[in-house]
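A short write-up of the structure that comes next.
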Amino acid sequence: MSPSAPPPRRPGYDTRVLLGMLAAGLPGILASALLAWLVPLPSAARLVIVLLAVTGWISLALAVRSRTVGPIRTLANVLASLREGDFSIRLREEGVDGSLGLAYHEANRLEAVFRDQRIGAVEASALLRRVLAEIDVVLFAFDDAGRLRLLNRAAERLLGRSREDAVGRTAGELRLEAVLSGPAPRTLELSHPSGDGRWQVRRSIARQGGERLRLVVLSDLTRALREEEREAWKRLIRVLSHEINNSLAPIKSISASLIEILEDGAARDAADEDLPRGLEVIHGRAESLSRFMAAYATLARLPPPELAPVDVGEWVSRMAKLETRSDVQVIPGPRTTILADRAQLEQALINLVRNAVEAAEETGGAVSIGWSAGGDTLEVVVEDEGAGFHDAADLFVPFYTTKATGSGIGLALSRRIVEAHGGRLLLEKRDAAPGARARLILPARDPTAQPGP
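So for the sequence shown, the working numbering puts the first residue at 383; every next one is plus one.
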């Protein structure tokens, strides 16, 4: 079977215009030839008339084609210049009206729009380059082959290389393989000529000139962490100094007085009452200091949670029954099981219930505890009808307490436990009644899932 013949090629637009004009003038040419044949004229005159008619016919067709196709070619050249990014050519609209004038006008307007966009893009690119050069974050852009294509000034300082020396090198050559692999965002330790440090890594995808680029943004956490560490040490030293001095000052004073009494033979006989009382004070302050250090050790050495299925209803009910000073009302919620560290959650809820009961005892109010589950979260709410509080921020400061016998560790420990489980602990004032509300919000993990690390 022979292959089918290709379809006939259609004449171009220019040729079709010329053929159309020739076809339009053909009847007139035939009429002129017939008239010259019928009129009694010499043969030479007849031939001249026919040649002049044919020459005029062809010339007129060519002129019409030129006037028709020429402006279209001019418009095409202008559009090609716009495509190439050349905005220096404009069409002259004077003396051009009708459809062609409208086309010229719209082409000039399109050129103005493209020119403004081009100027805006250039200015935006210049501004972006200036911003990227001045910001402190480190920015890299790698292609799909892992070669560096873009970097800012902060990245040059991190690498200890100039832009010309770094661009085109692979992530392996720059010792940046770790920033292109693994989860993001995450914290990463990097060692480079500018020094070791801890960085937060974030990644995203962008395109430049049609090329796919992987953007890597590194934020230096070292300075912020050192400042936070310095502030934490200051707060810790203030608290430790305050608590230790509160215990050592009376111990030093009373022990010195007892030594004077024992050294004074005349006063030794009268020390039968002062000596036991002084030793009792010393013993009490030593116990208080011991409890403080034990509470600090508990807060500082909280182990990671060991996740296991926990029945929320059973957990809440058992914690409410442990409080014997008040009848804690349990408001039942939906049957829910979560993955959590039972012992740690029990300690966190015990602290919240204890605080609520102690606050309610001052006013004779009630305490309630309930829970709700929605979406991916579980919320346990402990409410009391106590006197409330003034500033919830202070209540989470370790060793801060408004109670004469309080350690100031309960709420801080509870928040650390909840945050270690990926949740939040909020303290709020009740809206329509006196007292406070503690909201313990936890992720409602699937109990059938494997516990995470």
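The C-beta atom is built at its ideal place from N, Cα and C for all residues, glycine as well.
As DSSP reads the structure, K811 sits in a beta bridge with A818. Inside the segment 418–446, DSSP marks no whole alpha helix (DSSP H) run of 4 or more residues. Rounded to whole angstroms, the separation of the alpha carbons of L408 and G438 is 11 Å. Assigned with DSSP and collapsed to three states, F469 falls in coil, not helix or strand.
Under the DSSP assignment, L734 falls in the alpha helix (DSSP H) whose first and last residues are R724 to E743.
DSSP places G752 in the uninterrupted beta strand (DSSP E) bounded by V749 to G756.
According to the DSSP assignment, D525 belongs to no beta strand (DSSP E), since it is labelled neither H nor E.
Counting C-beta pairs closer than 8 Å gives three or more between the segment 684–696 and the segment 720–734, which meets the contact rule. Residue R806 holds the alpha-carbon nearest to the alpha-carbon of A826 among R736, A413, R806 and R447. Secondary structure of V513 (DSSP, three-state): helix.
Bounds of the beta strand (DSSP E) holding L760 are T759 to D766.
For E705, no alpha helix (DSSP H) segment is defined, and its DSSP state is neither H nor E.
Counting along the chain, L562 sits inside the alpha helix (DSSP H) bounded by residues E559 to L562. Counting the other Cβ atoms within 10 Å of the Cβ of W753 gives 16 or more, which makes it buried. In the DSSP annotation of this structure, D547 is not part of any beta strand (DSSP E); the continuous alpha helix (DSSP H) holding it starts and ends at R545 to A548. Taking a 10 Å sphere around the C-beta of R797, we find 16 or more other C-beta atoms and assign the residue as buried. For A588, the CB contacts under 6 Å within the same chain, skipping 5 residues up- and downstream, are L595 and L597 in chain order. Residue burial is scored here from C-beta neighbours: Q726 has at least 16 other C-beta atoms within 10 angstroms and is therefore classed as buried. A check of alpha carbon separations from N733 across G747, A794, G746 and P686 identifies A794 as the nearest. The Cβ atoms of R529 and R551 lie closer than 8 Å to each other. As computed with DSSP, I713 is found in a beta bridge with G752.
Inclusion of A742 and S708 in the CB contact set at 8 Å is warranted, their separation being smaller than that value. Per DSSP, E538 is one residue of the alpha helix (DSSP H) stretching across R535 to L541. The C-alpha of T569 is placed about 36 Å away from the C-alpha of V698. Proximity of the segment 431–447 to the segment 473–486 falls short of the contact definition, fewer than three beta-carbon pairs being nearer than 8 Å. Ranked by how close their Cα comes to the Cα of D518, the residues T706, N534, R584 and S639 have N534 in first place. Residue state for D396 is assigned as helix, using DSSP reduced to three classes. If you check the CB distance, G817 and G768 come in under 8 Å.
Remark: three or more beta-carbon pairs, one from each stretch, lie closer than 8 Å, so the segment 410–417 and the segment 428–436 are flagged as touching.
Secondary structure of D498 (DSSP, three-state): helix. Assigned with DSSP and collapsed to three states, V478 falls in coil, not helix or strand. The residue from L600, D396 and R543 with its alpha-carbon nearest to that of E571 is L600. Between the C-alpha atoms of D813 and A820 there is a straight-line separation of about 13 Å. Here DSSP, grouped into helix, strand and coil, assigns L603 to coil. As the crow flies, the alpha-carbon of E466 is around 34 Å from that of A537. Annotation: P565 is outside any beta strand (DSSP E) and is labelled neither H nor E by DSSP.
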